[in-house]
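Everything below concerns the one structure shown next.
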Amino acid sequence: MIEIKRRDGSVTKGYPLTQAQRLMYFVFNSYGKNPAMLNIGAGCFWQGEIDYPLLVRSLQEAIGRTDTMRMRFTPDKQFGMLQYLADEPGFEIEELDFRDKTEEEAYAYFKDRTRAAVPLFDAPLSAVAVAKLPAGYGGFYCRLHHLAFDGYAAKAFIADAMAIYVHYRTGAPYPKPTARYIDAMLQELAYLDSDARKADRAYWMQRFSTEPEPIFNDYMLDNRLLRQRKENNDPNQRYLLLYESEHPESRVMHFDVGAEETQRVLDMCRRRELSVPSVLMLALRTALSAFNDRQEDVSFKFMINRRGTLLQKRSGGNRWHFYTLRTRLPGSLSFAEAAKEVEREQSAVFRHCAFDTLEMYHIKHMAMHMDRLEQTYDAMSFSYHAPLEVPFENEEVKKTAKGVWYTGDISAQNLYLTVKHRLNDNGFEIFLEYRINEKPQRDLTVFRETMLKALSLGTDDPDAPLDAILDALIPAVEAARAEQKQED
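Every position in the sequence shown, counted from 1, becomes a number in the numbering used here once 858 is added.
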């Protein structure tokens, strides 16, 4: 703990950044320093009669229960920056009315709010507004900050606010108390000087020092990302510079999976005792394999949101870490067997996932003699957001509910695939956030179709060998590749 003197002359307790916060701040500083990279824009809207004064009151109570709404940062000579909690959130809930606008105009407004610059030091980071929308929709919008919230914490705040609102509307139980962010943060900082951290460091050092070299697997039809670099550099090169800061502009390709199809996947996972993220990651790596001549050695980053205790689940904050998931799966394995292998690899990483992501990658680059942190074997990143129950007044209202993610159109990485669940029917929502400089829209359309077909085939027949699934996938990939070459 370090004493911080605030502008009004009072003194408060300040603390260094946690490991996950350092990662986010490193990304911000390294890839464009665009404020939108640290902003999260999210909306929760539904149709029906909405008591807006009550919704405002409910949001105020939820904000008061969420410590990280009061989070502030201040420059520091020793640590670069420190975090502390202000006495008050420091912002008012806005009331917006878009009923005379189009849905597109309302969306554009919230997207602009998400992209807006936010003062980083000694000022409120969050904003919350209730909004009346066209077509009888209404609800609220939040602009949150990645140093204070991750995706789980953002959805937990939304669920908490809705639970309070539903409590007052229907008499449902008041939500359970939240936990103190400082308590969870102190646990994070204590890990830095623990035997557990030393053991985790030894694990990553041993792993990267003894494994054979991985290989980059392209998500572009013509495999040009690595091919071009081989032509210009080393014919034997197996990694590339993927995280450049010069072109951080991005867009999102969003598509839905039907509720029934999603339920088929969930039912298969339950029958075969498979985790949902392991099955989704298997579909992803199978698509990469189909794009790369049946490659059996496939690596990508996956996001871990470490919330194994009640304190971690209830205290908010940012706990995002990204780790390499390397899968080496022979084609003779069945889909179910391969999913178990993915799950085993994921579990091995879970046991050492408190370790600082940045330090882990420094160890990897040192062990594999790579000279820049931006160089990678990982083609893309993946995250799965498990369902987090958001309560509504009744099932009829819930059927109209929609959660909206307002992207900032800025990304540190070339490709980031996120899978979430819709609020109204629990179906999968899939987001492919891509940098526009590679112009990969057409390639990603084929890639997503290949991934979804792999998921469907594996769900229909979990005992099918990966080779058989690839046999069914590759003709469409080759046809799209040939069509692209002909047009070029």
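Ideal Cβ placement from N, Cα and C applies to all residues, glycine included.
*asked:* Just to confirm before moving on: does the CB-CB distance between Ala1037 and Leu1169 stay below 8 angstroms?
replied: Result yes, Cβ atoms of Ala1037 and Leu1169 sit closer than 8 angstroms.
_How far does the alpha helix (DSSP H) with Phe1160 in it extend, from its first residue to its last?_
Taken as a continuous stretch (DSSP letters only), Phe1160 belongs to no alpha helix (DSSP H), being part of the beta strand (DSSP E) at 1155-1163.
*Just to confirm, are Ser1103 and Gln1204 a CB contact at a threshold of 8 angstroms?*
Taking C-beta atoms as the reference points, Ser1103 and Gln1204 fail to come closer than 8 angstroms.
_Taking only three categories from DSSP, how would you classify Gly906?_
Three-state DSSP puts Gly906 in coil, outside helix and strand.
*Helix, strand or coil for Met1238 per DSSP?*
Residue state, collapsed to three classes: coil.
*How close, in whole Å, do the beta carbons of Lys990 and Tyr1264 come, if the pair is a contact with beta carbons under 8 angstroms?*
At roughly 17 angstroms, the Cβ-Cβ gap does not stay under 8 angstroms, so Lys990 and Tyr1264 are not in contact.
*Where do the N-terminal and C-terminal ends of the beta strand (DSSP E) with Ile860 fall, by residue?*
Run containing Ile860: 860-863, per the beta strand (DSSP E) assignment.
*Using DSSP with H/G/I as helix, E/B as strand and the rest coil, what is Thr1167?*
DSSP, read as helix, strand or coil, puts Thr1167 in coil.
*Close Cβ partners of Glu1201 (< 6 angstroms) along its chain, the five nearest in sequence each way excluded*: For Glu1201, where only same-chain residues beyond five positions count, the Cβ hits under 6 angstroms are Ser1133, Ser1136.
*Closest by C-alpha distance to Thr1234, when choosing among His1279, Ser1173, Glu1071*: Among His1279, Ser1173, Glu1071, the Cα nearest to that of Thr1234 belongs to Glu1071.
*Name the DSSP beta bridge partners of Asp945, please?*
DSSP lists no partner for Asp945.
*Looking at the unbroken beta strand (DSSP E) that takes in Glu953, where does it start and where does it end?*
It spans 952-955 - the beta strand (DSSP E) in which Glu953 sits, taken as one unbroken run.
_So, does the region 1007-1015 touch the region 1023-1031, judging by three or more C-beta pairs under 8 angstroms?_
Three or more beta-carbon pairs separated by less than 8 angstroms are not found between the region 1007-1015 and the region 1023-1031, which leaves the two stretches without contact.
*To the nearest angstrom, report how far apart Thr1317 and Met1126 are at their CA atoms.*
One C-alpha to the other measures close to 6 angstroms.
*Whole-angstrom Cβ separation of Phe1158 and Ser1239, contact assumed at under 8 angstroms?*
Contact flag correct, Cβ pair sits at about 7 angstroms.
_Only counting the same chain, and skipping five residues up and downstream in sequence, which positions put a Cβ closer than 6 angstroms to that of Leu1002?_
Taken in chain order, the residues that qualify are Ile898, Ser984, Ala1012.
*Under 8 angstroms, do Leu943 and Arg928 count as touching if we go by C-beta distance?*
In this structure, Arg928 lies closer than 8 angstroms to Leu943 by Cβ.
*According to the neighbour-count rule (16 or more other Cβ atoms, all chains shown, within 10 Å of its Cβ), is Ile860 buried or exposed?*
Exposed.
*Along the chain, where does the beta strand (DSSP E) that runs through Ile1288 open and close?*
1286-1293 is the extent of the beta strand (DSSP E) around Ile1288.
*Residue nearest to Ile1288 in terms of C-alpha spacing, selected from Ala1117, Met1226, Ile908, Val1207*: Ile1288 has its Cα closest to that of Ala1117, out of Ala1117, Met1226, Ile908, Val1207.
*Which first and last residues belong to the alpha helix (DSSP H) in which Phe1066 is found?*
1053-1068 is the extent of the alpha helix (DSSP H) around Phe1066.
_Reduced DSSP category for Phe998 - H, G, I as helix; E, B as strand; rest coil_ = The three-state reading of DSSP puts Phe998 in strand, counting E and B together.
*Have a look at the DSSP bridge pairing and note the partners of His1003.*
For His1003, which the question treats as bridged, DSSP gives the partners Asn897.
*asked:* Just verifying my parser: in three-state terms, what is the DSSP assignment at Asp1114?
replied: Asp1114 falls in the strand class under three-state DSSP.
*Would a C-beta distance cut-off of 8 angstroms place Phe1193 and Ile1327 closer than the cut-off?*
A Cβ-Cβ contact shorter than 8 angstroms links Phe1193 with Ile1327.
*Between Ala1312 and Ala1141, is the Cβ-Cβ spacing less than 8 angstroms?*
Taking 8 angstroms as the cut-off, the Cβ atoms of Ala1312 and Ala1141 count as close.
_Cβ-based burial, Arg1082 [other Cβ within 10 Å; buried from 16]_ = So Arg1082 ends up on the exposed side.
*Pick from Leu1290, Tyr1274, Gln1344, Tyr1242: whose alpha carbon is nearest that of Asn1163?*
Shortest Cα-Cα distance from Asn1163 to any of Leu1290, Tyr1274, Gln1344, Tyr1242 involves Tyr1242.
_Going by beta-carbon coordinates alone, are Val1024 and Glu1251 separated by less than 8 angstroms?_
Against a cut-off of 8 angstroms, the Cβ pair of Glu1251 and Val1024 comes out as a contact.
_Buried or exposed by the 16-neighbour rule on C-beta atoms within 10 Å, applied to Glu1291_ = Flag for Glu1291 reads buried.
*asked:* Report the CB separation of Arg880 from Leu1216 in whole angstroms; it is logged as a contact under 8 angstroms.
replied: The Cβ separation is near 6 angstroms, so the contact holds.
*With a cut-off of 8 angstroms on the beta carbons, I'd call Met1309 and Ala1145 a contact; round off their distance for me.*
With 8 angstroms as the limit, Met1309 and Ala1145 qualify as a contact, their Cβ atoms being about 4 angstroms apart.
*How far does the alpha helix (DSSP H) with Met1218 in it reach, from first residue to last?*
Unbroken alpha helix (DSSP H) run through Met1218: 1215-1225.
*When you compare each of Phe1160, Glu962, Glu1296 to Val1277 by their alpha carbons, which one comes out closest?*
Residue Phe1160 is the option with its Cα nearest to Val1277.
*Check the C-beta distance from Leu1174 over to Phe998 and give it rounded, since I have them as a contact under 8 angstroms.*
The sequence as given places Gly at residue 1174; Leu does not occur at that position. About 17 angstroms separates the two Cβ atoms, so there is no contact after all.
*Under 6 angstroms Cβ to Cβ from Gly872, same chain only, skipping five residues before and after it: list those, please.*
Sequence-distant partners of Gly872 (beyond 5 residues in either direction) whose C-beta falls short of 6 angstroms from its own C-beta, in its chain, are Ile860, Ile862, Leu940, Tyr942.
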